[in-house]
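Heads up: the sequence shown runs through residues 9 to 47, numbered per the numbering used here.
Backbone N, C-alpha and C define an ideal beta-carbon position, used for all residues, glycine too.
No experiment lies behind these values; they were computed from the predicted model shown.
Report on the following structure.
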Amino acid sequence: MSAVREEVGAEMLTKTVPLLLRSGMTIEQVAKQLKVDIE
9 MSAVREEVGA
19 EMLTKTVPLL
29 LRSGMTIEQV
39 AKQLKVDIE
């Protein structure tokens with residue numbers, strides 16, 4: 009179950025990060041955003 013969740017999470021990240029960057033967020037802001045989402 010956790011393997012599936014990790015796979016989905018990784019796929020979500022690859023889609024989300026470019027969108028966040030395109031929306032004008034900096035790498036630091038994206039990292040902070042993701043850290044909040046992951047925890």
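Taking 8 Å as the cut-off, decide whether the C-beta atoms of valine 38 and leucine 28 are in contact. Looking up residue 38 in the sequence shown gives position 30. Looking up residue 28 in the sequence shown gives position 20. Taking the C-beta atoms as reference points, leucine 28 is found nearer than 8 Å to valine 38.
Straight-line gap, lysine 23 to serine 31 (C-alpha atoms, nearest Å): As a first step, residue 23 must be located in the sequence shown, where it is residue number 15. As a first step, residue 31 must be located in the sequence shown, where it is residue number 23. One C-alpha to the other measures close to 13 Å.
Using a Cβ-Cβ distance cut-off of 8 Å, determine whether methionine 20 contacts chain D. Included in the structure is just one protein chain, with no chain D present.
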